[in-house]
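Colleague: If you read the protein sequences in the order shown, they are chains A and B. If you count by our numbering, then the first sequence holds residues 1 to 109, one letter each, in order. If you count by our numbering, then the second sequence holds residues 110 to 222, one letter each, in order. Beta carbons are placed, not taken as given, at the ideal position from N, Cα and C, and that holds for glycine. Here the structure is a predicted model, which is why all the values come from computation and not from measurement.
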Amino acid sequence: EDQVTQSPEALRLQEGESSSLNCSYTVSGLRGLFWYRQDPGKGPEFLFTLYSAGEEKEKERLKATLTKKESFLHITAPKPEDSATYLCAVQAPGGKLIFGQGTELSVKP
Amino acid sequence: EAQVTQNPRYLITVTGKKLTVTCSQNMNHEYMSWYRQDPGLGLRQIYYSMNVEVTDKGDVPEGYKVSRKEKRNFPLILESPSPNQTSLYFCASLQWIGAYEQYFGPGTRLTVT
Numbered sequence: 001e002d003q004v005t006q007s008p009e010a011l012r013l014q015e016g017e018s019s020s021l022n023c024s025y026t027v028s029g030l031r032g033l034f035w036y037r038q039d040p041g042k043g044p045e046f047l048f049t050l051y052s053a054g055e056e057k058e059k060e061r062l063k064a065t066l067t068k069k070e071s072f073l074h075i076t077a078p079k080p081e082d083s084a085t086y087l088c089a090v091q092a093p094g095g096k097l098i099f100g101q102g103t104e105l106s107v108k109p
Numbered sequence: 110e111a112q113v114t115q116n117p118r119y120l121i122t123v124t125g126k127k128l129t130v131t132c133s134q135n136m137n138h139e140y141m142s143w144y145r146q147d148p149g150l151g152l153r154q155i156y157y158s159m160n161v162e163v164t165d166k167g168d169v170p171e172g173y174k175v176s177r178k179e180k181r182n183f184p185l186i187l188e189s190p191s192p193n194q195t196s197l198y199f200c201a202s203l204q205w206i207g208a209y210e211q212y213f214g215p216g217t218r219l220t221v222t
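1) Taking P215(B) as the query, report the chain A residues whose CB atoms sit under 8 Å from its CB, ordered along the chain.
2) Using a 10 Å radius around the Cβ and a threshold of 16 neighbouring Cβ atoms, would you call R37(A) buried or exposed?
3) Below 8 Å on C-beta distance, what does Q101(A) contact in chain B?
4) Under the assumption that P170(B) contacts T124(B) (Cβ atoms under 8 Å), give the Cβ distance between them as a whole number of angstroms.
5) So, helix, strand or coil for N116(B), using DSSP?
6) Restricting to Cα atoms, I'd like to know which of L219(B), S196(B), M159(B) and Y157(B) is closest to P148(B).
7) How about V27(A): is its Cβ closer than 7 Å to a heavy atom in the ligand SAM?
8) Mind checking the region 77–90 of chain A against chain B and listing, in chain order, the residues whose C-beta falls within less than 8 Å of any C-beta there?
9) Between Y86(A), P40(A) and P109(A), which has its C-alpha nearest F46(A)'s C-alpha?
10) Give the residues from the region 179–202 of chain B that approach chain A closer than 8 Å (Cβ to any Cβ), ordered along the chain.
11) Are R177(B) and N135(B) closer than 8 Å when you measure CB to CB?
12) Output the distance between the C-alpha atoms of Y173(B) and E179(B), rounded to the nearest integer angstrom.
13) How is D147(B) classed by DSSP in three states: helix, strand or coil?
14) Would you check if the region 2–9 of chain A and the region 53–67 of chain A touch, i.e. whether three or more CB-CB distances between them fall below 8 Å?
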């Protein structure tokens, strides 16, 4: 069964304390892996797409990496405005999108 | 401005009263999708459409209908809503040829009593 699991469920960091979020997946024939940010009460905001193992993407303090079984979202020197829920999703053959349950990140000043 | 619009944003209704949530995108995207988001369950795909007149079931299609008569619109229909369909609903459109970009609407909070 196609599945996406994110860990940890919640992460509390001090401002400037770097860390990583994990997204592990099982899908037959990965079409792409995607990261989103979601603020409370709003729709998810697209961050990155990764297509193949070894690929990396960066945006400001965020860097996403992909292996054959998992992806990491690295947050370097986070700021309070990085606080949000981060969602990972995979696209299976046929077009279905499967989301993980998200990691709720809180960054304290 | 690239956007996905949903209406209504908030809706309280009663069991069994048919309702439609509209979704429209202005980006000429081929792919559109509906999701529901529930605490502890995350985002779950209800239906998706890879092109006009083509729709497919996601993970939780029971109790929902969709149609895709034109590229920009993708309404979600609840023929006979039940309390377990109380949720936050998101519509999204996706460009998946070449660079991937997905845009979500602002959400519709539905309460069925």
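Modeller: Reading from the atomic positions:
1) K42 and G43
2) buried
3) G149, L150 and G151
4) Their Cβ separation, rounded to whole angstroms, is 19 Å, which puts P170(B) and T124(B) out of contact at 8 Å.
5) strand
6) S196(B)
7) Among the components modelled here there is no ligand, and therefore nothing to report on the ligand SAM.
8) L87 and A89
9) Y86(A)
10) F199 and A201
11) no
12) 19 Å
13) strand
14) no
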